[in-house]
Amino acid sequence: MTAIRNILPRRPIASAWLALTLLAAGAAQAAPSAAAEREIQQLMQALGQSGCQFERNGSWYGSAQAREHLQKKLAYLRKRDLADTAELFIERGASQSSLSGKPYHVRCGKGPAMTAASWLQAKLVQLRAAARATPPSP
316 MTAIRNILPR RPIASAWLAL TLLAAGAAQA APSAAAEREI QQLMQALGQS
366 GCQFERNGSW YGSAQAREHL QKKLAYLRKR DLADTAELFI ERGASQSSLS
416 GKPYHVRCGK GPAMTAASWL QAKLVQLRAA ARATPPSP
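First residue of the sequence shown? That's 316 in the numbering used here, and the numbers climb one at a time after it.
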């Protein structure tokens, strides 16, 4: 019985220590790389200059408004270290409404609407292909 009493007071301390360790590990995530920051900004610029329409929660907005909205979501994600890559930004911030859970859509010209996630992923592939094809500056 004495052995059990000696263990019980330590368990809460051990549990608290484990929780603090896990929290510290989560807070110690690396900041996005320069390449990731560049790609996210290029995606934002591409959307803002696309002239496409952006649908969220049943309403359509211009591309500049879409960029502004996603910039706010990006700032929210960055404060929480949740957008370390362009893919994570698309998945966590640019794919669906945080309030309703409904997917965002993009419609360019008279073409059919597609999910914003698909549009942004396709644009990311284009940006990366262009970056590989461009020789580095001296």
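Glycine included, every Cβ here is placed at the ideal spot set by N, Cα and C.
With 16 as the cutoff for other CB atoms within 10 Å, does residue 383 come out buried or exposed?
Position 68 of the sequence shown, counted from the start, is the residue given in the question as residue 383. Exposed is the call here.
What does a CB cutoff of less than 6 Å around residue 446 pick up in its chain, not counting 5 residues either side in sequence?
Locating residue 446 in the sequence shown gives position 131, where the first residue counts as 1. Excluding residues within five positions, none has a Cβ falling inside 6 Å.
In this structure, what does DSSP give as the bridge partners for residue 430?
Position 115 of the sequence shown holds residue 430. DSSP, once it has assigned bridges, lists 420 as partnering residue 430.
Proximity to residue 432 [Cα-Cα], best of 371, 346, 366:
Taking the first residue of the sequence shown as position 1, residue 432 is located at position 117. Here the closest residue by C-alpha is 371.
Report yes if the CB atom of residue 351 is closer than 8 Å to the CB atom of residue 430, and no otherwise.
The count along the sequence shown starts at 1 and reaches residue 351 at position 36. The count along the sequence shown starts at 1 and reaches residue 430 at position 115. Not in contact: residue 351 and residue 430 (Cβ atoms no closer than 8 Å).
So is residue 349 buried or exposed if we call it buried at 16+ other beta carbons inside 10 Å?
Within the sequence shown, numbered from 1, the residue matching residue 349 stands at position 34. Its Cβ having fewer than 16 others within 10 Å, residue 349 is exposed.
Could you tell me if residue 408 is buried or exposed, where buried requires 16 or more neighbouring beta carbons within 10 angstroms of its beta carbon?
Indexing the sequence shown from 1 puts residue 408 at position 93. Buried is the call here.
Where does residue 371 fall in DSSP's three states?
Position 56 of the sequence shown, counting from 1, holds the residue named residue 371. Note: residue 371 maps to strand in three-state DSSP.
Which residues share a DSSP beta bridge with residue 376?
Along the sequence shown, one-based indexing puts residue 376 at 61. DSSP output for residue 376 lists 369 as bridge partner(s).
Among the candidates 378, 380, 377, 404, whose CA atom is the shortest distance from the CA of residue 390?
As a first step, residue 390 must be located in the sequence shown, where it is residue number 75. Taking only the C-alpha atoms, the option nearest residue 390 is 404.
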